[in-house]
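Enquirer: If you count by mature numbering (1 follows the signal peptide of the UniProt record, and there is no 0), then the sequence shown holds residues -24 to -1, 1 to 137, one letter each, in order. For each residue, glycine too, the CB sits at the ideal point set by N, CA and C.
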Amino acid sequence: MAPSRYVGCLAFFAASLLPSGVLALWPVPTTLETGMTALKVSPSFYFDVQVEGAPTDLYEAVGQARYYLETDKLGRLVVGRGATDTTALASAKTLSYLKLSLTSGATAEPIASEAVKPLGARSEEYALTIPADGSTATLTANSTLGLYRGLTTFNQLFYYY
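#1: So which of Leu121, Ala(-1) and Thr129 has the shortest CA-CA distance to Leu95?
#2: Please name the residue in Glu28, Lys75, Asp48 and Leu127 whose C-alpha comes closest to that of Glu85.
#3: Is the distance from the Cβ of Thr116 to the Cβ of Ala108 below 9 Å?
#4: How would you write the range of the alpha helix (DSSP H) that Asp33 sits in, first residue to last?
#5: Counting only runs of 4+ residues fully inside the stretch 84 to 135, write out the alpha helix (DSSP H) ranges in chain order.
#6: Buried or exposed for Ser(-5), going by 16 or more other Cβ atoms inside 10 Å?
#7: Which first and last residues belong to the alpha helix (DSSP H) in which Thr63 is found?
#8: Out of Leu34, Thr47, Lys93 and Gly81, which has the shortest C-alpha to C-alpha gap to Pro19?
#9: Hey, could you find the ends of the beta strand (DSSP E) Leu15 is sitting in?
#10: Our contact map puts Leu50 next to Ile106 with C-beta atoms below 8 Å; I'd like the distance itself, whole angstroms only.
#11: Going by DSSP, what residue range makes up the beta strand (DSSP E) through Tyr73?
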């Protein structure tokens, strides 16, 4: 994927900044590990799809994720919309891209095909890792539907400042 043009600053604060007991991600992750480190998204951020034979609707999902990341202008739901985060953002590392891949042995079927499989036969699970040091973020899943769910979560982790 080509780098997207993006003006502004997207920042990431792990869900642990949320008040205790509040989980604002949907779909709700089965497990979640969080941190307290600020992370910015590079103006040239891109999604690196490493899926052999990736279906068209996976690329469309990536395009949708890129569009939302660039245009949603989501703000933190706190007084001041995160204005107190200025100091943390000044020294925050920068995330350059998110690498998407399927687990070994998984086949790349269209998301639309995966989504209509019986509940017991479809896999929506994914592993999303975003290192605090700004190194490669990864999204790995057993299916393209899992990658789609992971992209949805990824977009909810950043806000515009």
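Expert: Result, derived from the coordinates:
#1: Residue mapping note: residue 95 aligns to position 119 of the sequence shown, counting from 1. In terms of Cα proximity to Leu95, the closest of Leu121, Ala(-1) and Thr129 is Leu121.
#2: One-based indexing of the sequence shown puts residue 85 at position 109. Cα-wise, what sits closest to Glu85 is Glu28.
#3: On the sequence shown, residue 116 is found 140 positions in, with the first residue counted as 1. On the sequence shown, residue 108 is found 132 positions in, with the first residue counted as 1. With respect to Ala108, Thr116 sits apart: the two C-beta atoms are not nearer than 9 Å.
#4: As a first step, residue 33 must be located in the sequence shown, where it is residue number 57. If you look at Asp33, you'll find it in the alpha helix (DSSP H) that goes Thr32 to Thr47.
#5: Whole alpha helix (DSSP H) segments, 4+ residues: 87 to 91 and 120 to 132.
#6: Here the question's residue -5 lines up with position 20 in the sequence shown. Its pLDDT being 38, under 50, Ser(-5) is placed unreliably in this model, and the value from its coordinates should be taken loosely. That one is exposed.
#7: Numbered from its first residue, the sequence shown carries residue 63 at position 87. For Thr63, the enclosing alpha helix (DSSP H) stretches over residues Thr62 to Ala66.
#8: Position 43 of the sequence shown, counting from 1, holds the residue named residue 19. With respect to the C-alpha of Pro19, the residue from Leu34, Thr47, Lys93 and Gly81 having the closest C-alpha is Thr47.
#9: Your numbering for residue 15 matches position 39 in the sequence shown. The continuous beta strand (DSSP E) containing Leu15 extends over residues Leu15 to Val25.
#10: For the purposes of this step, residue 50 is taken as the residue at position 74 of the sequence shown. For the purposes of this step, residue 106 is taken as the residue at position 130 of the sequence shown. About 16 Å; that fails the 8 Å criterion.
#11: For the purposes of this step, residue 73 is identified with residue 97 of the sequence shown, where counting begins at 1. Counting along the chain, Tyr73 sits inside the beta strand (DSSP E) bounded by residues Lys69 to Leu78.
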